[in-house]
Amino acid sequence: MPITQVAQVQFRELVSPEEIQEARLSTICDCALALQKTCLHPTTKKPLVKSVTGGVDNSAEGLQDGMTHVFVFEFDNEDDKCVYQGIEPRREFTEAVSRVAAKYTVVDFTQGVFEYRRPSVASS
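Heads up: the sequence shown begins at 1 in UniProt numbering, then just goes up one per residue.
See below:
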């Protein structure tokens with residue numbers, strides 16, 4: 001079943017708007033969008049990420065809790081997502097985000113499944 005991963009970023013307050021812009025454009029956003037092409041299955045060489053998109057928050061609801069940027073990744077299945085978590089380009093993306101983020105959240109869900117199961121915690 002398809003898996004969707006939503007990653008949200010809140011930049012540190014000490015990061016200047018120029019640093020955010022530079023990091024967002026040259027490191028974080030470009031790197032995130034490239035993960036669809038750079039994260040390949042080690043055996044099949046097929047992309048692990050089925051699709052990726054993202055953007056800057058533009059909600060007027062005021063419920064963002066400081067989050068400014070969102071990335072949405074789609075995987076064909078749980079196995080692809082698990083392999084993706086150990087691939088070098090994904091680790092580089094996570095490191096780039098952690099350098100400028102005050103908070104970084106990731107939520108995964110199986111599309112169409114609403115029965116609650118306590119998630120297992122993966123080590124990075």
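Note that the Cβ used here is the ideal one computed from N, Cα and C, for glycine as well.
(message) So, with DSSP's three-state summary, where would you put residue 40?
(response) strand
(request) Return the Cβ separation of residue 68 and residue 9 in integer angstroms, given the expectation that the two are a contact with Cβ distance under 8 Å. (result) 6 Å
(message) I'd like the list of long-range same chain contacts for residue 89, defined as Cβ closer than 8 Å, with 5 residues on each side in sequence excluded.
(response) 31, 34, 35, 38, 39
(message) Distance check for residue 28 and residue 80, CA to CA, integer angstroms please.
(response) 22 Å
(request) Indicate the three-state DSSP secondary structure (helix, strand or coil) for residue 84 in the structure shown. (result) helix
(request) Out of 92, 18, 116, 70, point me to the one whose CA is closest to residue 53's CA. (result) 70
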